[in-house]
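Numbering (the working numbering), first residue to last: 2 to 356.
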């Protein structure tokens, strides 16, 4: 019996899944080479202790019940066992699921050690392969995402990246070749990172790049360039900062009112739902996270509204808001890594070398 395709997949012609004895998640014929579901469910909340393990487990269970089939986890989050248990209890067939995970930093060093890390995550989840495995950030696995953004930027220097990307990506490609993941990609990579990766591996581009994109951080030109190059774009923390916009409203910021007005006009139930539909209308995959059953459902319902959402509906918010940033409405860590790439681009543009 032919299984139905995952809902709303985004096609990508690069990084074709390696052959394995187990068939990949079923997709429509036009997207079977490298489709990534537009709607996913994130599990990052458990990493910082803000959500207890039993609550996260119930959240993943609820997400699967609602209809999510793309689940995102990572070595850093330590949510593999929770996700695996929820999948097992759901009784959903493996071929109907799309599982993404991420290795901490860039997997340099001996391949045997990298393979052991990936295999350990799979074992904890009760799986034999990932659908998509990413390098979590363009720096060493010891980089501290709980410290200062400045320290993170220093640890993820472009010089370090340039020296280690060849070994790291070769290890990722080998993981795919050996069947541990059907696709491999990157996360928190910006223009200079992708340019250097392409220079060293011109015929082996990443299947996807997972970066922070939200109502105030559109990454418009960058997203369009990646999509043109066949790289699937996945937005993490797409609605995490909506509460901060409400705080900024007390200082005269208009972000919250723009979102509320647009949501009301289009019959969205919340600003969060509008933002998710807007991102998906741009062809961007989203992985919102929540432990609230009503919010899990409302976020998923954004998928059914994509066809009625204009990709230009939030154009006036492009460029960000200083007041929203002052209220915590910016991912400072993503910005820190982006700044490293931007500095390299500026250096190359001034004649200092190739970006």
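Every residue gets a Cβ at the ideal spot worked out from N, C-alpha and C, and that includes glycine.
Item                                                                                                                             : Value
Whole-angstrom distance between residue 97 and residue 6, CA atom to CA atom                                                     : Note that residue 6 has pLDDT 39, beneath the 50 cutoff, so the model's placement of it is unreliable and no number is given.
CA-to-CA distance, residue 145 to residue 274, given in whole angstroms                                                          : 31 angstroms
Contact set for residue 281: own chain, Cβ-Cβ below 8 angstroms, skip 5 residues either direction                                : 9, 39, 40, 287, 303, 304, 307, 310
Paired residues, beta bridge with residue 102 - DSSP                                                                             : 134
C-beta atoms of residue 174 and residue 132 nearer than 8 angstroms                                                              : no
Nonlocal neighbours in the same chain, by C-beta distance under 6 angstroms from residue 341, ignoring five residues either side : 154, 157, 159
Boundaries (first-last residue) of the beta strand (DSSP E) holding residue 213                                                  : 209 to 213
Pick from 115, 137, 331, 134 that is closest to residue 241, judged by C-alpha positions                                         : 331
C-alpha distance - residue 181 paired with residue 74, whole-angstrom precision                                                  : 15 angstroms
DSSP-derived helix/strand/coil call for residue 301                                                                              : helix
Per-residue burial, residue 211 [other beta carbons within 10 Å of its own, 16 or more giving buried]                            : buried
Residue 57 versus 164, 169, 292, 227, residue with shortest Cα-Cα distance                                                       : 292
Cβ-based neighbour list, residue 250, same chain, cut-off 6 angstroms, excluding 5 preceding and 5 following                     : 257
Endpoints, alpha helix (DSSP H) assigned at residue 55                                                                           : 54 to 67
Backbone CA spacing between residue 201 and residue 270 [nearest angstrom]                                                       : 46 angstroms
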